[in-house]
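Presented below is the structure to which this report refers.
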Amino acid sequence: MMTTQDFSHFGSSDDVEHRLQKLGYVATREVADTVFLADALAKPVLVEGPAGTGKTELAIAIAGATSRPLIRLQCHEGIDEARALYEWDYRKQLLSIQSGASQDVADVFSEQFLIARPLLQAVRSPEPVVLLIDEVDQLDPESEALLLELLSAFQVTIPEIGTLRSVHSPSIVLTSNGNRDLSDALRRRCLYLHIGYPPIDREAQIIRARLPGVDAELAHRVAQTTAALRSFDLKKAPSVSEALDWARTLMLLGAVEVNDELLLSHANVLIKHQSDIDRLSAHLSAAAAEESR
Amino acid sequence: MIETVQRLSHELRGVGIPVSQSDIIAAIAALRVIDLGRRDSVRTALASNLVRTISHRPAFDALFGQVFTHPDSSSLADAAASDADRTLDGRLPDDVASPRGFAHLDDEDLRRLLVNALGGANSWMQRVLCRELVRRYSRIRPERPSGAAYYAYQVRTRLRTEHLVADILASDTRHGRDPFRVEFLRRTSAEHAVKEFEQMIQSEVRALLAERGVSPAVARVPLELPEEADFTTAAEETIAEIARLIAPVARRLAANAARRTRPRSRGAVDLRRTIRTSLSTGGVPLRIAVQPPRPGKARLVVLADISGSVARFALFALQLMIAMRSAFNSVRAFVFVDTADEITDILSREHTFAGVFSQINRAGLGTRVGDSSDYGTALRSFETQMSTEIDARTTVVIVGDARGNNRESGRDTLARIARRAHAVHLLVPEPRSLWGVGDSLVREYELLCDSTTECRSLRQLTHVIHDLL
Chain H
13 MMTTQDFSHF
23 GSSDDVEHRL
33 QKLGYVATRE
43 VADTVFLADA
53 LAKPVLVEGP
63 AGTGKTELAI
73 AIAGATSRPL
83 IRLQCHEGID
93 EARALYEWDY
103 RKQLLSIQSG
113 ASQDVADVFS
123 EQFLIARPLL
133 QAVRSPEPVV
143 LLIDEVDQLD
153 PESEALLLEL
163 LSAFQVTIPE
173 IGTLRSVHSP
183 SIVLTSNGNR
193 DLSDALRRRC
203 LYLHIGYPPI
213 DREAQIIRAR
223 LPGVDAELAH
233 RVAQTTAALR
243 SFDLKKAPSV
253 SEALDWARTL
263 MLLGAVEVND
273 ELLLSHANVL
283 IKHQSDIDRL
293 SAHLSAAAAE
303 ESR
Chain S
2 MIETVQRLSH
12 ELRGVGIPVS
22 QSDIIAAIAA
32 LRVIDLGRRD
42 SVRTALASNL
52 VRTISHRPAF
62 DALFGQVFTH
72 PDSSSLADAA
82 ASDADRTLDG
92 RLPDDVASPR
102 GFAHLDDEDL
112 RRLLVNALGG
122 ANSWMQRVLC
132 RELVRRYSRI
142 RPERPSGAAY
152 YAYQVRTRLR
162 TEHLVADILA
172 SDTRHGRDPF
182 RVEFLRRTSA
192 EHAVKEFEQM
202 IQSEVRALLA
212 ERGVSPAVAR
222 VPLELPEEAD
232 FTTAAEETIA
242 EIARLIAPVA
252 RRLAANAARR
262 TRPRSRGAVD
272 LRRTIRTSLS
282 TGGVPLRIAV
292 QPPRPGKARL
302 VVLADISGSV
312 ARFALFALQL
322 MIAMRSAFNS
332 VRAFVFVDTA
342 DEITDILSRE
352 HTFAGVFSQI
362 NRAGLGTRVG
372 DSSDYGTALR
382 SFETQMSTEI
392 DARTTVVIVG
402 DARGNNRESG
412 RDTLARIARR
422 AHAVHLLVPE
432 PRSLWGVGDS
442 LVREYELLCD
452 STTECRSLRQ
462 LTHVIHDLL
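In order, the protein sequences belong to chains H and S.
Numbered per the working numbering, the first sequence spans residues 13 to 305.
Numbered per the working numbering, the second sequence spans residues 2 to 470.
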């Protein structure tokens, strides 16, 4: 019977690929293999790559495929223990002492006075979870150390209480845009996965998976145009998510054909720098002038 | 299996990729759970444990191909398996529905298939064709001591890759599937496809060489990590790769600098403001006002020799420094051959390497007389233009091999500049062993500069700039 099967883990790389595909995430063989390895070896995955290639999306898809809740820590500069790990609920402690409920000072340093932040939440969760640590490269190098204990042993040490150990090994996904070199200590604890821009046929496949009902030919052309723009030296190359937005725009407009008017009039969906748009339109009009000559 | 992983790790260390013992153990642990029947799965399992940066990946793939040889028979099936999506198979002619069916096709048919696959962006088909073409054209003879580069060249010549772009463009219009009416986009995408295919050929040749038992030392020729490649001798593709690394390196360095200049402690007490605020609390200084932090940022002036072979390096250095403008108070860039000309504007306007280069050439910047460098005249013209600008907060960086062509060295000028400036650094894109040999002025300048550094790769350049901050 199927009921005996544990859906919170993956059986094989094919299983990963299949289950992610059902959620509309087109995984390459490499992604599927790495996700499977991470699950089987209970190791965190560090996903690197340019913005908008589906790194965060991957964590969400894993959570969906394993029907685990997703706990997300969005990293930013200046994040500290109180934001990432835990904080003592100062007011609750005060109230407890004033009301006389706590006789001993040590009483107020127990788990019930703890505010669990994402990392502690993941450790304390009674059911297996997916922990997404988004944009680790935004973290100060000093704060990186916060993660190390969690990443290697799935535990968190709180001086007043002791070490809290996770019941289940959570799947941990870290994402990074490579804005800063992460420390070797962090890298060593993770499986490394790089997600780059997909080749044209795969990108077309992604567009079809994410936008059901899109014309196959249109999807292919959108992918082709996006790829051409990427090799065309822009300040910021259009990402997969921008290609998706563009395809969605074209779909809404009922377009079946990609041409330069459509490219230019909706360039702002695809290209996010005005100087890039200007350069593109200059090139387009120069090329058009040449053609008509 | 364990020995093979160890051998691979050894090879990786050989090209400068750090692999620790625990990485090897983790890699072997990964192999125990992965499907060993699939070559790409094995590769992923090893790569995710042994490689920690994407720029090391090409080297890893090449070495993997050499250490984990695969029998010829399985390779086509392997190529077929390595890509689960064959959604575009509809474009395959029926007679080659099985990938083994290529043998009976003649060269022209193969080429036509390839043009279609490149134009239609069918990556699975490209891979299969690449295997067939390399096997057909490379004519590998294991006894001959030729490297991978040689065989890849053979394949490219026989395939006439230089005409591929034109053929793709022609076939696009013939079939009426014309994704871009505009020439330049169509051309860019075709050129990109061909370039990627050439790389595919190269790695396929390497794999085939390993398969035929050619020793890795011979097969390995161009295996350099891009950040360690020598600017002056690197191949065109490596240069392109370095150019792509410039922006992320600049971002990383700037982030580091921003972090360092952030105030760590509170500034000195501002007595005046403290007393003024204390008035609102009856003269009791409840709130102590401190002076706002003023991180000292250097003003950077870069003077780069763009004659001959060092031009490429010089422009990389300039681009990198301009890209990190935010980390300095100001950055001004000068180039020279025999006269110093400012190109700060060009660098901030053009962000591609080729663009900067053509602008400089069009305006004939840096040269007045000839195309061999004249350090004496150049330094003097630099001093005239910058005489009022250089002060105790200015750091001057001179980039060049200091090959003076036996002309005047201009050491007095440099001494004057060095006295006025905060510091003068000399970056030499020439191996240390050649310093002071022949017409080199490095030894002479060395005495006047605060530091003289050999700087031939992106990694060295990054270190230098890191220290500058």
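C-beta: ideal position from N, C-alpha, C; glycine also.
Beta-carbon proximity of residue i to residue j, cut-off 8 Å
{"i": "A96 of chain H", "j": "L160 of chain H", "result": "no"}
{"i": "T368 of chain S", "j": "V400 of chain S", "result": "no"}
{"i": "L380 of chain S", "j": "V332 of chain S", "result": "no"}
{"i": "V291 of chain S", "j": "V270 of chain S", "result": "yes"}
{"i": "Y204 of chain H", "j": "S56 of chain S", "result": "no"}
{"i": "D372 of chain S", "j": "G405 of chain S", "result": "no"}
{"i": "L176 of chain H", "j": "I170 of chain H", "result": "yes"}
{"i": "T454 of chain S", "j": "V250 of chain S", "result": "no"}
{"i": "V38 of chain H", "j": "Q217 of chain H", "result": "yes"}
{"i": "R260 of chain H", "j": "A249 of chain H", "result": "no"}
{"i": "I207 of chain H", "j": "V43 of chain H", "result": "yes"}
{"i": "L111 of chain S", "j": "L130 of chain S", "result": "yes"}
{"i": "V206 of chain S", "j": "V116 of chain S", "result": "no"}
{"i": "V398 of chain S", "j": "A422 of chain S", "result": "no"}
{"i": "A63 of chain H", "j": "S251 of chain H", "result": "yes"}
{"i": "F335 of chain S", "j": "V303 of chain S", "result": "yes"}
{"i": "A221 of chain H", "j": "T238 of chain H", "result": "no"}
{"i": "S114 of chain H", "j": "V120 of chain H", "result": "yes"}
{"i": "L428 of chain S", "j": "M325 of chain S", "result": "no"}
Partners in chain H for residue i, counting only beta-carbon separations shorter than 8 Å
{"i": "T5 of chain S", "result": "None at all; the shortest Cβ gap to chain H is about 18 Å."}
{"i": "T45 of chain S", "result": "R41, E42, D45, T46, L49"}
{"i": "I42 of chain S", "result": "The sequence shown places Ser at residue 42 of chain S, not Ile. The contacting residues are S25, R41, D45."}
{"i": "S23 of chain S", "result": "R200"}
Same chain only: Cβ atoms within 8 Å of residue i, ignoring 5 sequence neighbours per side
{"i": "E147 of chain H", "result": "Q86, C87, H88, T187, S188, N189"}
Proximal chain H residues relative to residue i, where beta-carbon distance stays under 7 Å
{"i": "D168 of chain S", "result": "Near D168 of chain S there are no residues of chain H at all, since even the closest Cβ is about 17 Å away, more than 7 Å."}
{"i": "P249 of chain S", "result": "G190"}
{"i": "N50 of chain S", "result": "L203"}
{"i": "A30 of chain S", "result": "L53"}
Cβ of residue i within 8 Å of any chain H Cβ
{"i": "V16 of chain S", "result": "no"}
{"i": "I55 of chain S", "result": "yes"}
{"i": "R58 of chain S", "result": "yes"}
{"i": "A220 of chain S", "result": "Bear in mind that a pLDDT of 47 at A220 of chain S, under 50, signals an unreliable position, so the number given afterwards is only what the model happens to contain. Judged by the 8 Å Cβ criterion, A220 of chain S is not in contact with chain H."}
{"i": "I35 of chain S", "result": "yes"}
{"i": "S172 of chain S", "result": "no"}
Beta-carbon proximity list for residue i, same chain, < 6 Å, skipping 5 on both sides
{"i": "E215 of chain H", "result": "A235"}
{"i": "A419 of chain S", "result": "V425, L449"}
{"i": "L321 of chain S", "result": "I247, A251"}
{"i": "A134 of chain H", "result": "I83, V141, L143, P182"}
{"i": "S374 of chain S", "result": "D306, S308, V338"}
{"i": "M126 of chain S", "result": "A118"}
Which residues DSSP lists as bridging residue i, in chain order
{"i": "W100 of chain H", "result": "H:L126"}
{"i": "E60 of chain H", "result": "H:S188, H:H206"}
{"i": "E455 of chain S", "result": "S:V429"}
{"i": "T389 of chain S", "result": "Beta-bridge pairing links T389 of chain S to no other residue."}
{"i": "Q167 of chain H", "result": "H:R177"}
{"i": "F329 of chain S", "result": "Looking at the DSSP assignment, F329 of chain S forms no beta bridge with any residue, so it has no partner."}
Residues that residue i contacts on chain H, provided the C-beta gap is smaller than 9 Å
{"i": "R252 of chain S", "result": "G190, N191, R192"}
{"i": "D107 of chain S", "result": "By Cβ distance, chain H contributes nothing, its closest Cβ being about 27 Å from D107 of chain S, past 9 Å."}
{"i": "A256 of chain S", "result": "D149, N191, R192"}
Min CB distance residue i to chain S below 8 Å
{"i": "T46 of chain H", "result": "yes"}
{"i": "E60 of chain H", "result": "yes"}
{"i": "A52 of chain H", "result": "yes"}
{"i": "Q236 of chain H", "result": "yes"}
{"i": "T15 of chain H", "result": "Its pLDDT being 40, under 50, T15 of chain H is placed unreliably in this model, and the coordinates cannot settle the point."}
{"i": "S243 of chain H", "result": "yes"}
Partners in chain S for residue i, counting only beta-carbon separations shorter than 9 Å
{"i": "I212 of chain H", "result": "G121, A122, N123, S124, S190, A194"}
Under 8 Å by beta carbon: chain S residues contacting residue i
{"i": "A239 of chain H", "result": "A122, S190, H193"}
{"i": "H206 of chain H", "result": "I55, R58"}
Neighbourhood of residue i by C-beta, 7 Å cutoff - its chain only, sequence neighbours within 5 removed
{"i": "S76 of chain S", "result": "Confidence is the limiting factor: at S76 of chain S the pLDDT is only 43, short of 50, which leaves the residue's position unreliable and the question unanswerable from this model."}
Contact set between residue i and chain S, taken where Cβ atoms lie within less than 7 Å
{"i": "R199 of chain H", "result": "R53"}
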